[in-house]
Amino acid sequence: MTAVTEPIRLRTLPKTVLGIDPGDKTGWCVVEKHGGRVIQRGITRADDMPPILTWVFKNYNIETIIYEEFILYANRAQAQTGSRFFASQVVGMLKYVSWLNGNIPLVAQPANFLKNCEKVTGFKKPSNHDESHDVDAVNHVLLYLIERHLAPSLLEREMGLDTAKFGS
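For what it's worth, the working numbering labels the leading residue of the sequence shown as 16, then goes sequentially.
What follows is the structure, given as structure tokens:
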């Protein structure tokens with residue numbers, strides 16, 4: 016496949032959203048924009064994200080990137096002494112990959128968006144924090160889609176609403 020035909024092939028794929036929970040252990044996911052079906056997800060070390068991002072953009076029609084915003088608060092500054100600030104590094108990668116792919120929209124969400132998300136999305140975090148980063152990425156994307164009526168909430172799914180009508 017040539018570079019000229021690659022964008023045409025990607026446009027025929029379903030529209031998707033990339034979700035990122037940045038950090039040393041970065042959670043990531045690819046979710047269908049209309050309906051909210053999770054296609055791929057994983058947890059990858061920050062230093063290993065460039066090949067993951069390359070693979071994602073080569074294989075999916077990413078229309079939006081949703082990520083958890085990193086802000087260093089004064090009450091956490093002491094604990095971050097000596098940090099390599101992996102979250103900031105990953106956010107920089109996202110900005111670059113967005114630019115490389117035609118300035119794909121980036122949406123930063125505060126971490127506190129996830130506080131009550133299980134009640135809205137129905138996507139539960141595992142009890143082991145190290146295994147929860149991909150779930151956080153999925154929840155960031157699902158909240159974004161639900162707010163825009165592109166995916167059903169847990170309540171809407173429980174009521175039996177047809178997911179095919181979301182985003183149409």
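Here a beta-carbon is modelled for each residue, glycine too, at the ideal position from N, C-alpha and C.
Between ARG172 and THR136, the alpha-carbon positions lie close to 10 angstroms from each other. In this structure the region 138 to 155 does not touch the region 97 to 116; the number of beta carbon pairs closer than 8 angstroms is below three.
DSSP lists ILE35, ALA123 as the beta-bridge partner residues of TYR82. With a cutoff of 8 angstroms on beta-carbon distance, THR69 and ILE58 are scored as not near each other. Of the other Cβ atoms in all chains shown, 16 or more fall within 10 Å of the Cβ of LEU158; this residue is therefore buried.
With at least 16 other beta carbons inside 10 angstroms of its own, GLU83 counts as buried. Taking C-alpha positions only, LEU28 is separated from ASN76 by approximately 6 angstroms. Exclusion of the five residues before and after ASP151 leaves ASP36, GLY42, GLU83, LEU129, LYS140 as the residues of its chain whose Cβ lies within less than 8 angstroms of its Cβ. Beyond the five residues adjoining it in sequence on each side, PHE85 comes within less than 7 angstroms, by CB distance, of PRO37, ALA102, SER103, VAL106 in the same chain, given in chain order.
By the beta-carbon neighbour count (other beta carbons within 10 angstroms, threshold 16), ASP62 is exposed.
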